[in-house]
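Top line first, the protein sequences correspond to chains P and E. Residue numbers for the first sequence, in the working numbering: 1 to 832. Residue numbers for the second sequence, in the working numbering: 1001 to 1832. Presented below is the structure to which this report refers.
Number of protein chains: 2
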Amino acid sequence: MAEKKFLTCDGNQAAAHVAYMFSEVAAIYPITPSSPMAEYIDEWAAKGQKNIFGETVKVVEMQSEAGAAGAVHGSLQAGALTTTYTASQGLLLMIPNMYKIAGELLPGVFHVSARALAAQALSIFGDHADVMACRQTGFAMLATSSVQEIMDLAPVAHLAAIEGRVPFVHFFDGFRTSHEIQKVEAADMEKLRKLVNQKALKEYRDRALNPEHPVTRGTAQNPDIYFQTRELQNKYYDALPDIVAKYMKQMSRITGRQYAPFVYYGAKDATDIIIAMGSINDVIKTVIDKENKAGKKLGLITVHLYRPFSVKYLMDVMPKTVKRICVLDRTKEPGANGDPLYLDVVEAFKDAKKQPMIIGGRYGLSSKDTTPAQVLAVYKNLAAEKPMNQFTVGIKDDVTRRSLKVGKEISILPKGTFEAKFYGLGADGTVGANKNSIKIIGDNTNKYSQAYFDYDSKKSGGYTCSHLRFGDQPILAPYLVGTPDFVAVHVPSYLRKYDCLRGLKKNGTFLYNSPWSVAETKKHLPDYVKKYLALNNINMYIIDATKIAAEIGLGNRTNTILQSAFFKISGVIPYDLAVEQMKKFIVKSYGKKGEDVVNMNYAAVDRGGEITKVEIPAEWAKLDCTTDFVFEHNDADPEFINKVMRPMVAQCGNDLPVSAFKDIVDGTFPAGTTAYEKRGVATVVPEWNSKNCIQCNQCSLVCPHAAIRPVVMTDAELKKAPKGMATADMKMPKEMAGMHFRMQVSVMDCTGCGNCADVCPAKEKALVMKPLESQLDEAKNWEYGQKKVTYKDELIDKYANSHSRCSSSRVPAPAAARRLISRPSPNSLVRA
Amino acid sequence: MAEKKFLTCDGNQAAAHVAYMFSEVAAIYPITPSSPMAEYIDEWAAKGQKNIFGETVKVVEMQSEAGAAGAVHGSLQAGALTTTYTASQGLLLMIPNMYKIAGELLPGVFHVSARALAAQALSIFGDHADVMACRQTGFAMLATSSVQEIMDLAPVAHLAAIEGRVPFVHFFDGFRTSHEIQKVEAADMEKLRKLVNQKALKEYRDRALNPEHPVTRGTAQNPDIYFQTRELQNKYYDALPDIVAKYMKQMSRITGRQYAPFVYYGAKDATDIIIAMGSINDVIKTVIDKENKAGKKLGLITVHLYRPFSVKYLMDVMPKTVKRICVLDRTKEPGANGDPLYLDVVEAFKDAKKQPMIIGGRYGLSSKDTTPAQVLAVYKNLAAEKPMNQFTVGIKDDVTRRSLKVGKEISILPKGTFEAKFYGLGADGTVGANKNSIKIIGDNTNKYSQAYFDYDSKKSGGYTCSHLRFGDQPILAPYLVGTPDFVAVHVPSYLRKYDCLRGLKKNGTFLYNSPWSVAETKKHLPDYVKKYLALNNINMYIIDATKIAAEIGLGNRTNTILQSAFFKISGVIPYDLAVEQMKKFIVKSYGKKGEDVVNMNYAAVDRGGEITKVEIPAEWAKLDCTTDFVFEHNDADPEFINKVMRPMVAQCGNDLPVSAFKDIVDGTFPAGTTAYEKRGVATVVPEWNSKNCIQCNQCSLVCPHAAIRPVVMTDAELKKAPKGMATADMKMPKEMAGMHFRMQVSVMDCTGCGNCADVCPAKEKALVMKPLESQLDEAKNWEYGQKKVTYKDELIDKYANSHSRCSSSRVPAPAAARRLISRPSPNSLVRA
């Protein structure tokens, strides 16, 4: 181990690390979650980093993935080893070129962070729908399950493509692997250089298109010869599994980790076997370890080489004792009688002398977290008297009833593995501090580390949860932390918004950023939290990071204080060492900003130790409530809001059964749901000065959240308005003389970006940013605008026919009204 | 039958006929071989034809198939029943939108003339590679096997999409079905209108996006709910097979032809069953009829509903007696352990109590003709002791040895079926005349008729072969005529170029357009033809259509004369009736051109009867040769020319084994093969007048075949040139003073379009079109240009370094030389 070089990085970086070495040209068009691969390659090329051939990679960004694939094709025909990086719809756009690249036996490699496809809805998250849509193109397909496997096996894709003359898709799970940070052993360029088949490489270069010895390619063939020339290529596909196996063996020798086209794990005499691809394999392994210790005979076959699908190599590792096989697919092909990997395995056994029972199941679509409890359910189903075939696992399907029942989540990581969750606010620095923390732990100890970051889609001001693990063994846990040892809640209000303590282990630790004293904190805790703390003997600490940050001049930047508190409480590494390292990172991060900033952050580290333990009264255990998190509910609100939106907003969408969506089967969502999710995340919001306003509406035009909108009222309407609501006389046009103008801010929807104030062209600004607290009355005024809307049909008719005015902020202005009041920014009302 | 309306049309027209009825919007981007569908829809819409709802279809042509698919998606969301028509790469570009259309449960229908995909080479011909690349998108897939089935089942795609809320791909074999002309019973709009589920249609329209009751669609979903909402749609796929089966039953009632998701044909107690999709089904049926009469127990299951794949409906029609199953796929997925339909069928039997043996095979890629002999070979393999799995049929694979051995072609059509082949020249009118002939026969008799036209890719002046069949039964023969009753060779030279008599039945008829007398004709016949005629007791007739055409003022338009000769000899219908009908068509075709033209063609009909019988000397049977066609061969030429190109040019590419291409595995062809295929198809070619020429090179620029190129020579080079070769002094630039300019025509490559003469800007034209015969000396001059080129490297260096001149017509001019002599048309030399 002494010689080994470790790197704390995510899957995208690992893939880029290897891809750079083997690339001469990279044609890119970044798409989530593959973008960082292209970005790393571009960055390293800009720095002049050298590849395995001593050259700098030439990077070209095209106009779309279709263009990138075309550039790859052309570049490969010119004799340059060429790569690209993509996912999802991006990969779909490459399909036509993939047939050409494979048909012309070119050694291209596509690294794909496999992602779901847009169907009933778009999803940026991970599953295998995109790569499975390419399985017929003639590309070889290599699957890896973890950041380490990317490092170890990505070279095989490049090496085998060169020797085998078949292009490769190398794929791994989008987000789960592409964005999971792990401490891994880095691939070493010197060792890899020796593996390149130089003869095959020279032959490839000699075949390149060259005006000095021209040939004709890209021909059209007719019925007379196309079939023959298509079959001519069989031999390359027949040979490829052996070539891949050879390079995998060489990588096994270099890394000490055993690889083959199919890898077996589990009992030698296993009866019940799962076959799977991607990150789920690590979950299955830990479940097998636990269950086999208890006497079970479970096994796993990890698929690394999916195309060409080699029945020979599959059977090589298949235990003779197998009785039952469950094939897991991470994709859904509606209308098929089974998903792709399942169909392949069924065929593989067609002529076997002993026929095991084979079933198939589907899991993890769109990064649905796949946990040990789910894997247990899969094995349980497999061993059942009448196992369900074509099941799903990870959801509750109470409509077509194909889902397996999953037991309570279990913790099965090796002893000494520390699991932590940190709840933060988008852009509050929590995620950044946690990225530092795992580097500190990874670089300063022999511990393995893992980090994964879970967000909602609201970006700045949204929800973040950092999932960190540390341990003495490589961490095989590609799923969210479900049973944390440690939970930190960095945002005081979160205890009422999210189920933060869910799964916190007995005797675990809870750090709460509380603006209150111990006594007041106790008062503010919701009952279900109290009961949980008492029943599970939780060690609770509080710190008022917000107050400390203000005191030392950091404003609302609480992240370093809370990071320090974490190290203080958790004891993952000695606190002194942690302090020293945190300070090192501070110099790195803030050194350029001057001594003052550095010193303030030093102070933050030092004062992070100011934690207070909260004793948990035993009687909390007897509180008359459950420990379940209770959603907001309002009988007056639509069913969709109570039953679907509020659980989703509370990060409990995973618990929603299929039936919850029964009225929106085609991806249709009701409009206007923001009315029920007032976030109030802005610290400052615009205040409108009616006297200064020139009624140009430009502020409304630039607001990215449509949280500031022009309104016109009649006398009668103004009378009904909340008291003290400011208005101005309409300045123009004539037809609206005598009416009342108002620029209405929805302070609870505003995110405080200040665009509106910036753009205001009035001599004296009509909009000034003020603290949210000072503007809360505005919420009532907004509410008035909402309630006035009986429903839009009526109003639209009224205004469209009368050519009068648009008096409601929620009503799309009909053409006439728009013409009257929206000049010069018609969009400001169209968006409503 | 009395009520039935018949239509003589091809598959594209049949699909368009139905699609128009059910479309409100058609978003198109035509691609071979689907283009006629879009063109018909466009034409009918322009004429104001009404659909089933009494509306004219709104047609929109987009910028690509990706755009067409996007327009379909948007139009469907707006509540308009929308269709598109595509194939091959066009369909691939639609894939991203297909996931969306299916995911949003929209009733779109894509009619696809299934076509091969560009891999080692592009192919415009038919197989299922394109549709199979879409089987995972969530579209339902409906396969039809013939023009009649398109008429009968295309409505099911539309009707089931409306009721089932799942979009459909309806596909049929590109070219073989899309371009095969058959006399079929036409779908009747009044009957179909009654089948529309009006309630489902209203619900669909009510769901349309509408500003009056807005909803949110096209959302992004996160891991919390995507999986659930994806599974929510299972019920639509579960329900679809029953919906499709219901509409198929209704169509069966209307048409009298029996349809279901899977249809069985053959012995009730069959042991050996083929499962297949597309046009091959008709071939299999005729083979079954023949073999079962001889005591075999063969069967066929035709797949109509491929997605959702319903194991239930498959098993419904599966004979209990089945022992062996062969699944035929018309696509190749390199690296898979089986092609798609095969994998599905294997899975279908996974839990069956009785396991038949199941094998899979591949056939017909890129419209490779699939014949009764091939189907026989498939059944033979199936019954073998050790049947080959994953075989190919239709080619000789002597490299990876997966092909079945196919016996001699057999004729198995019902008695009285008349089969004919007509060899013509592209644009000589043969194909058009044959299209008239089948309409004449179809419209004036109770006979069924079929026509299919086989071309090379050379268009005007290229090879054409018309394959016609007539009979009292519907013609189930979706393959080229292999054993004709009648062969007409309209081009005298073809007997030495192509194997025209191949397969001509014993006692069959041979019509030869001969410029010679009977005695001279006998002298001109190649020996292998003579022997074939004698051995097979062929009735041979000659007519000098070329001379007759000249005499009656038709120039070289021999088609009507030869059509008349065909009717005279064949007796398919009474000759008097044929003459009357041919004259009717003449009025239709030429009426607008005036009485003279009509009368000339009348005369052509009348004189078509001037045929002469040629008695075949019995001793020809004893000639010392085989009856095999012998290719041109020249030991001095490259192996590729002799072994690959010449058989391809002679329309014998089908016979080339896989090994013939062993040196060009990646689709690479040698350049410059036109040097070995001098076609001489032009009747007139340009003659260059050196005195008139202003040396502008524009003629060279506009020549689409690069058959006219500027050449510059030194004194020394001119001396070596063939005698009498005209040159002019170089007019410019100064540096080339004293050198000799020549505009060189390759008269044997020229197609006689006259562009060069048209474009010549000289005061007195420097190019005048003259008969080819008068210009044959030019071929020698061209030859001189070719031979002078030792090889280009040397010359390029020489000219690039010396900035002197480009003296060879085959050498791409280096920058300097190009600058000097190519102004103002630089392209004229770049192309060389």
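Glycine included, every Cβ here is placed at the ideal spot set by N, Cα and C. Note that this is a predicted model, so its numbers are computed, not measured.
Three-state secondary structure assigned by DSSP to residue i
i: E/I1325; result: strand
i: P/S123; result: coil
i: E/A1016; result: helix
i: P/L201; result: helix
i: P/F567; result: helix
i: P/R557; result: coil
i: E/F1470; result: strand
i: E/A1276; result: strand
i: E/Y1247; result: helix
i: P/F422; result: strand
i: P/M837; result: The requested residue 837 of chain P is not part of the displayed model; chain P covers only 1 to 832.
i: E/G1090; result: helix
i: P/G432; result: helix
i: P/C693; result: coil
Burial state of residue i, where buried means 16 or more other Cβ atoms lie within 10 Å
i: E/I1694; result: exposed
i: P/R699; result: Strictly speaking, residue 699 of chain P in this sequence is Cys, with Arg absent from that position. So P/C699 counts as buried.
i: P/D282; result: buried
i: E/A1660; result: buried
i: E/Y1330; result: According to the sequence provided, residue 1330 of chain E is Arg. The question's Tyr does not apply to it. With 16 or more other Cβ atoms within 10 Å, it is buried.
i: E/S1514; result: buried
i: P/A66; result: buried
i: E/I1441; result: buried
i: E/D1152; result: buried
i: P/P704; result: exposed
i: P/S746; result: buried
Residue of the options minimising C-alpha distance to residue i
i: P/Y342; options: P/P334, P/K354, P/I325 and P/N599; result: P/I325
i: P/L81; options: P/P107, P/G90 and P/L93; result: P/P107
i: P/K320; options: P/T8, P/F349, P/L365 and P/G335; result: P/F349
i: E/Q1063; options: E/L1093, E/S1570 and E/T1056; result: E/L1093
i: P/G364; options: P/Q473, P/K290, P/V311 and P/I280; result: P/I280
i: P/C756; options: P/D749, P/M748, P/K763 and P/M769; result: P/M769
Contact test: residue i Cβ vs the ligand HEM heavy atom, cutoff 7 Å
i: P/E764; result: The ligand content of the structure shown is nil, which means the ligand HEM is not present either.
Residues of the stretch 634-648 of chain P in Cβ contact with chain E at a cutoff of 7 Å, in chain order, please.
Those would be M648, in chain order.
Evaluate contact between the stretch 1138-1147 of chain E and the stretch 1301-1319 of chain E, counting only Cβ atoms and requiring at least three cross-stretch pairs below 8 Å.
Enough Cβ pairs lie closer than 8 Å, so yes.
Residues within the stretch 1654-1675 of chain E neighbouring chain P, beta-carbon criterion of under 9 Å
Within the stretch 1654-1675 of chain E, the residues whose Cβ lies closer than 9 Å to some Cβ of chain P are N1654, D1655, L1656, P1657, V1658, S1659, A1660, F1661, K1662, I1664, V1665, D1666, G1667, T1668, F1669, P1670, A1671, G1672 and T1673, listed in chain order.
Residues of the stretch 216-227 of chain P in Cβ contact with chain E at a cutoff of 9 Å, in chain order, please.
If the cut-off is 9 Å between Cβ atoms, the stretch 216-227 of chain P has T216, R217, G218, T219, A220, Q221, N222, P223, D224, I225, Y226 and F227 near chain E.
Taking beta-carbon pairs under 7 Å, can you tell me which members of the stretch 340-364 of chain P lie near chain E?
Cβ contacts with chain E come from L343, D344, V346, E347, A348, K350 and I358.
Counting pairs of Cβ atoms below 8 Å between the stretch 1160-1175 of chain E and the stretch 1105-1122 of chain E, do you hit three or more?
The answer is yes - the stretch 1105-1122 of chain E touches the stretch 1160-1175 of chain E, with three or more Cβ pairs under 8 Å.
So if I threshold CB-CB distances at 9 Å, which residues from the stretch 1227-1244 of chain E count as touching chain P?
Listed by position along the chain: F1227, Q1228, T1229, R1230, E1231, L1232, Q1233, N1234, K1235, Y1236, Y1237, D1238 and L1240.
Return the residues of the stretch 74-108 of chain P that lie within a Cβ-Cβ distance of less than 8 Å from chain E, sorted by chain order.
Taking 8 Å as the Cβ-Cβ cut-off against chain E, the residues of the stretch 74-108 of chain P that qualify are Q89, L92, L93, I95, P96, Y99, K100, A102, G103, E104, L105 and L106.
Interface residues of the stretch 1393-1406 of chain E facing chain P [CB-CB below 9 Å]
With the criterion set as a beta carbon lying under 9 Å from some beta carbon of chain P, the members of the stretch 1393-1406 of chain E are G1394, I1395, K1396, D1397, V1399, T1400, R1402 and S1403, in sequence order.
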